[in-house]
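Read in order, the letters of the sequence shown are residues -7 to 229 in the working numbering.
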Amino acid sequence: MSAPLPAAAVPAKRSRRKQARPAELLEAALALFVEKGYAATRVEEVAARAGVSKGTLFLYFPSKEELFKAVVRENAGRKVADAQREVAEHTGPTGDLVREYICRWWTEYGGTPAAGLTKLIIGEAANFPDLARYYQGEVVQPAHDLLRHIVQRGVARGEFREVDPVLAAHLIVAPLVQLVTWRYSLAPCCPPEQLPDPLALLRLHADVVVRGLSVGAPGDGAAAPQPPATPPGQPKP
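Now the structure itself:
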């Protein structure tokens, strides 16, 4: 017969369990919000999936709105903050930074369950504008600001040609949003052989972006080839 646990072990186990509850509640809430949408998800369901009572859920999150905001902060906002730190520490070429940012976006967000938040916000923004504005301020705008900073870095270092960094950020982001929206809408209805490999697609997107922004790319006036001069007295071609 095994010896009984020391008296201190039970409180320690309960303490660890209590510390894990917020993460468990956020995981359950993310799954239900993505599966059912914000309006159809009830806090009772979230609590039940996390294995706690509704009262316990409200100890950590006083309302469904606050629960949703916490889900956004944990699964999307924190990813942007991590990316900001990584970009600040990058010392190599800006083109490499763009490629890494786009591919890491998929592994850290687009290819995870959290990506369903993008489609959820798009679908429910009209009914819950306050939540949409929160998502815009917590996730969308910081991500755009970071991409704008990356483009400006490339221009300042002479690696990228002069472009509008705000428009460039929109162009970089658009295929990413389209990819996760498609993933949670039409992709499940498509035959497997028609589904592109997401990372291969994003690597191609990153390559097109970097080549298009780089100094000497088509459209860069400084690098545009000049036609040969016509000798005096010779007819122009």
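All residues carry an ideal CB built from backbone N, CA and C; glycine is no exception.
Fair warning: this is a prediction, and the values are worked out from it, not measured in the lab.
Straight-line measurement puts the Cα of A107 at about 13 Å from the Cα of V72.
By the C-beta density criterion, G47 is exposed, having fewer than 16 other C-beta atoms within 10 angstroms.
Under the three-state reduction of DSSP output, F60 falls in the helix class. Within the model, the alpha-carbon separation for T83 versus G146 is close to 12 Å. The beta carbon of Q76 sits closer than 6 Å to those of L138, all from its chain and outside the five residues before and after it, given in chain order. Taking the C-beta atoms as reference points, A62 is found no nearer than 7 Å to V38. For V38, the enclosing alpha helix (DSSP H) has its first and last residue at V35 to A42. The beta carbon of V90 sits closer than 7 Å to those of I142, A198, V201 and V202, all from its chain and outside the five residues before and after it, given in chain order.
At a Cβ-Cβ threshold of 7 Å, E130 and V64 count as neighbours. Within the same chain, and ignoring the five residues on either side of I94 in sequence, the residues whose Cβ sits closer than 6 Å to its Cβ are L194 and A198.
As DSSP reads the structure, S45 sits in no beta bridge.
When the beta-carbon positions are compared, W97 and L191 stay at least 7 Å from each other.
For F50, the three-state secondary structure derived from DSSP is helix. Excluding sequence positions up to five before and after F120, its CB lies within less than 7 Å of the CB of Y30, all in the same chain and listed in chain order. In the DSSP annotation of this structure, the continuous segment of the alpha helix (DSSP H) that includes Q170 starts and ends at P157 to R175. Inclusion of V158 and R175 in the CB contact set at 7 Å is not warranted, their separation being larger than that value. Ranked by Cα distance from Q144, the options D156, V44 and L17 are led by D156. L178 and R70 have their C-alpha atoms spaced approximately 28 Å apart. Straight across, the Cα-Cα distance linking L205 with V165 is about 15 Å. Close CB contacts of T110 within its chain, under the 7 Å cut and outside five residues either way in sequence, are with V169, V172 and T173 (chain order). By alpha-carbon distance to T104, the top candidate from E116, E66, E81 and R34 is E66.
Counting only residues of its own chain and dropping the five nearest sequence neighbours on each side, F60 has a CB closer than 8 Å to the CB of A21, F25, Y30 and L123.
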